[in-house]
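So the protein lines, in turn, are chains V and A.
Following my numbering, the numbering of the first sequence begins with 1 at its first residue and continues without gaps.
Following my numbering, the numbering of the second sequence begins with 1001 at its first residue and continues without gaps.
Even glycine gets a Cβ: it sits at the ideal position worked out from N, Cα and C.
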Amino acid sequence: MSSQIGNPAVHADMHQVHVQDEEVRFKASSAVNLLVAMEQARESVIGIGCRGGGCGKCRIRVLDGDYETKRMSRAWVTEEDEAQGIVLACRIFARSDLTIIAEPLPMAYGYQPGRPSSLKQAELK
Amino acid sequence: MKKGVMRPGHIQLRVLDMEEAVAHYRDLLGLIEVDRDDQGRVYLKGWTEVDKFSVVLREADSAGMDFVGYKCVNEGVVESLRQELIEYGCKVEDIPAGELNGCGRRVRFDSPTGHLFEIYATKEQTGKWEVGNRNPEAWPRNLTGMKATRFDHCLLYGPNIAGTIDLFREVLGFDLAEQVLDGEGTRLAGFLTSSMKAHDVAFIEHPEPGKLHHASFYLETWEDVLRAADLISMTDTSIDIGPTRHGLTHGKTIYFFDPSGNRSEVFAGGDYHYPDHEPVTWDAEQLGKAIFYHDRVLNERFLTVLT
Ligand code: FES
Ligand SMILES: [Fe+2]
Chain V
1 MSSQIGNPAV HADMHQVHVQ DEEVRFKASS AVNLLVAMEQ ARESVIGIGC RGGGCGKCRI
61 RVLDGDYETK RMSRAWVTEE DEAQGIVLAC RIFARSDLTI IAEPLPMAYG YQPGRPSSLK
121 QAELK
Chain A
1001 MKKGVMRPGH IQLRVLDMEE AVAHYRDLLG LIEVDRDDQG RVYLKGWTEV DKFSVVLREA
1061 DSAGMDFVGY KCVNEGVVES LRQELIEYGC KVEDIPAGEL NGCGRRVRFD SPTGHLFEIY
1121 ATKEQTGKWE VGNRNPEAWP RNLTGMKATR FDHCLLYGPN IAGTIDLFRE VLGFDLAEQV
1181 LDGEGTRLAG FLTSSMKAHD VAFIEHPEPG KLHHASFYLE TWEDVLRAAD LISMTDTSID
1241 IGPTRHGLTH GKTIYFFDPS GNRSEVFAGG DYHYPDHEPV TWDAEQLGKA IFYHDRVLNE
1301 RFLTVLT
């Protein structure tokens, strides 16, 4: 299957994204990254930063579903993290319905638009 | 007091995907691609810059800044400042000539905020791109994108900006042009110049070391900033804020992101600074206005989205 990343001309599928423990669902086109899909749906459950895989603000964990990824900064997502489904939302593209949860880094300073509850959860690890 | 450091001469940025990055810096910002080296690094410059390059892109698995280098008037200055840096307590590394194509020896040193800086005096001079310096025309006709004229400055975040600001003032001879002070007189931000420009480098206090807030490029006019905003929309480039004006330095500006998440700025205008000028001071309560003069509130991204 040829990659749809960065190629909106390719037929885009729509997938449902469910945010675990939140009353939030939004639709994500397979042609745009998950963070931009969330912004287009006017949701705010994931932190919005650079939208380029560099700043770590949009760190999430995918609990269920398939996705393609682009390179993301290893400063925020280690290979181990990635193997567990921890990704930067601005660098993944939905390939099925997804269940996700915000996964901000405990060391990331200051504002985390993800829920305080998920910040606490990350701190406990 | 000036000690022979002239200007920001180059910045090396880490990018996650080289071709996407080149599309941003060359095709969108309108920098001129001047070279590539055997490490795969790409060299660019603004068209008005006389030296061979000012931006180096290096593909890596994280975004951010490797180092920023300042050009000195001659090798004697580099040698004496090298000694002063060692005496000041910096860890100093000698980078041999040719490590960057067309650049002479560089002296690299660390800083309290966790950033790496360099000084050097020798770089190949290829002249202003397509116009030269003999009966030069006003501008080259084959520029692209935002037609950025030069790499102007960067804003860096890290802990202990007091230490790095002291290093820049005492050892490198930069002047403090503007600052933000809190109620207790603690400096939260410092804007430093080695020239008459409102700033050649700026620092904001932040707990994570070695962070890049933005690399900035100069445009001639406010109209050019608006046109840059149009190009950002046309190319679906990730926007941060603007067009707007800064209170600090009063530059007219727009912030956006490269495809690896490094923030870029293009701006026009701004204040000037002479060595006898007292620093301009902004109070921390006015920080919103100091940063974004029209909105008068900070967006959270300004304080926390860094590479
Ligand atoms: S928003 Fe910066 S890494 Fe995703
Ligand atoms: Fe700036």
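In angstroms with no decimal places, state the Cα-to-Cα distance between residue 1009(A) and residue 45(V).
41 Å
I'd like to know if residue 57(V) contacts chain A, where contact means its C-beta is closer than 8 Å to some C-beta of that chain.
yes
DSSP state of residue 1068(A) mapped onto helix, strand, coil
strand
What ranges does the beta strand (DSSP E) occupy inside the segment 1115 to 1151 of chain A, keeping only unbroken runs of at least 3 residues that lie completely in it?
1117 to 1120
Do the segment 1032 to 1051 of chain A and the segment 1080 to 1091 of chain A touch if we need at least three Cβ pairs shorter than 8 Å?
no
Taking contact to mean 3 or more Cβ pairs, one atom from each stretch, closer than 8 Å, check whether the segment 1132 to 1143 of chain A and the segment 1180 to 1189 of chain A are in contact.
no
Residue 1160(A) touches chain V at which residues, Cβ-Cβ below 8 Å?
Contact of residue 1160(A) with chain V by beta-carbon distance below 8 Å is absent, the smallest such distance being about 15 Å.
Give me the Cβ distance between residue 32(V) and residue 51(V), rounded to the nearest whole Å; I'm assuming they're in contact under 8 Å.
Under the criterion of beta carbons closer than 8 Å, residue 32(V) and residue 51(V) do not qualify as touching, at roughly 10 Å.
Partners in chain A for residue 75(V), counting only beta-carbon separations shorter than 7 Å:
1062
Hey, is residue 1151(A) close to ligand 2, as in C-beta under 7 Å from one of its heavy atoms?
No, ligand 2 has no heavy atom inside 7 Å of this Cβ.
Give me the residue from 1302(A), 1277(A), 1149(A), 1228(A) with the minimum Cα distance to residue 1289(A).
1302(A)
Return the Cβ separation of residue 1117(A) and residue 1011(A) in integer angstroms, given the expectation that the two are a contact with Cβ distance under 8 Å.
In this structure residue 1117(A) is not in contact with residue 1011(A), their Cβ atoms being roughly 10 Å apart against a cut-off of 8 Å.
Neighbourhood of residue 54(V) by C-beta distance below 7 Å, restricted to the same chain and skipping five residues each side:
73
Determine the contact status of residue 1212(A) and residue 1200(A), defining contact as a CB-CB distance below 8 Å.
no
Do residue 1047(A) and residue 1130(A) come within 8 Å of each other at the CB atom, strictly closer than that value?
yes
Is the beta carbon of residue 1206(A) within less than 7 Å of some heavy atom of ligand 2?
no
I believe residue 1001(A) touches residue 1173(A) by the beta-carbon criterion, under 8 Å. Please report the beta-carbon distance rounded to the nearest angstrom.
Right, their Cβ atoms sit about 5 Å apart.
Closest to residue 1230(A) by CA distance: which of 1161(A), 1146(A), 1186(A) is it?
1146(A)
Straight-line Cα distance separating residue 29(V) from residue 115(V)
Residue placement at residue 115(V) is flagged as unreliable, the pLDDT there being 29, under the threshold of 50; the coordinate-derived value follows with that caveat. The alpha-carbon atoms of residue 115(V) and residue 29(V) are separated by roughly 24 Å.
Grab me the residues of residue 1101(A)'s own chain with a C-beta within less than 7 Å of its C-beta, minus the 5 sequence neighbours each way, in chain order.
1035, 1037, 1043
Starting from residue 1080(A) and walking both ways along the alpha helix (DSSP H), at which residues does that stretch end?
1075 to 1088
Would you say residue 25(V) reaches chain A, if we count a Cβ-Cβ gap shorter than 8 Å as a contact?
no
Determine whether the Cβ of residue 42(V) lies closer than 8 Å to any Cβ atom of chain A.
no
What residue from 1045(A), 1020(A), 1070(A), 1112(A) has the CA that sits closest to residue 1207(A)'s CA?
If we check each option's Cα against that of residue 1207(A), 1112(A) comes out closest.
How long is the line joining the alpha carbons of residue 1286(A) and residue 1248(A), rounded to whole angstroms?
If you take the alpha carbons of residue 1286(A) and residue 1248(A), they lie about 11 Å apart.
For residue 1216(A), is the beta carbon positioned less than 7 Å from some heavy atom of ligand 2?
yes
Rounded to whole angstroms, how far is the Cβ of residue 1264(A) from the Cβ of residue 1029(A), which I believe are closer than 8 Å?
7 Å
With a cut-off of 8 Å on the beta carbons, I'd call residue 1161(A) and residue 1204(A) a contact; round off their distance for me.
7 Å
Between the beta-carbon of residue 1156(A) and the beta-carbon of residue 1165(A), is there less than 8 Å?
no
Residues of chain A with CB closer than 7 Å to the CB of residue 141(V), please, in chain order.
Shown here, chain V extends from 1 to 125; a query on residue 141(V) therefore has no answer.
Take residue 1081(A) and list the residues in its own chain whose beta-carbon comes closer than 8 Å to its own, dropping the five residues that flank it on each side.
Correct list, in chain order: 1003, 1004, 1005, 1072, 1107, 1119, 1171, 1172.
Is any heavy atom in ligand 1 found nearer than 7 Å to the beta carbon of residue 49(V)?
yes
Look at the Cβ atom of residue 34(V), then the Cβ atom of residue 76(V), and state whether they are nearer than 8 Å.
no
Identify the continuous alpha helix (DSSP H) that holds residue 1093(A) and give its terminal residues.
Run containing residue 1093(A): none in the alpha helix (DSSP H); it sits in the beta strand (DSSP E), 1092 to 1095.
Using the Cα positions of residue 1013(A) and residue 1096(A), report the straight-line distance between them to the nearest angstrom.
20 Å
With burial defined as no fewer than 16 other Cβ atoms inside 10 Å of the residue's Cβ, what is the status of residue 101(V): buried or exposed?
buried
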